[in-house]
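Below is one structure, written out as structure tokens; the observations come after it.
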Amino acid sequence: MAYADGKARRSRRTLAIMSECPHVAELPRPEPAPLSETCPECLAAGVQPVHLRLCLVCGHVGCCDSSPLRHASAHFTETGHPVMRSFEPGESWRWCFADGALV
5 MAYADGKARR
15 SRRTLAIMSE
25 CPHVAELPRP
35 EPAPLSETCP
45 ECLAAGVQPV
55 HLRLCLVCGH
65 VGCCDSSPLR
75 HASAHFTETG
85 HPVMRSFEPG
95 ESWRWCFADG
105 ALV
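In case it helps, our numbering puts the sequence shown at residues 5 to 107.
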């Protein structure tokens, strides 16, 4: 559901999942610096990424699952690095690939 201003409501279940992810406690502090300003794999392939994601383990920048090549998901599959955050201006949400949940 969404409020009149268009912002999504989070259910109790979503909030519970957010607090239960064990991978967040294992993340390096401070957050790693981004290794690039865009998805290097998309750049090399001549493809424009839709949205960018930042790996919170190593700083890899990859494109989202709405992008044709889904490099952020591929990075998780290749490395096992579970948590990423949006690398879009004004966004700070995080996603755990291992748990399939917002964290």
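All C-beta atoms in this analysis are idealised placements derived from N, C-alpha and C, irrespective of residue type, glycine included. For clarity, every value in this text was computed on a predicted model and none was experimentally measured.
DSSP places SER71 outside any beta strand (DSSP E), giving it a letter other than H or E. In this structure, PRO53 places its C-beta atom within 8 Å of the C-beta atom of CYS43.
Fully contained in the stretch 38-97 are the following beta strand (DSSP E) runs of length 3 or more, in chain order: 56-59, 65-67, 87-90. If you check the CB distance, LEU56 and PRO36 do not come in under 8 Å. Spatial neighbours of HIS64 in its own chain (CB-CB distance under 7 Å, excluding positions within 5 residues in sequence) are listed in chain order as LEU39, HIS79.
Here ALA102 carries a coil assignment [DSSP, helix/strand/coil].
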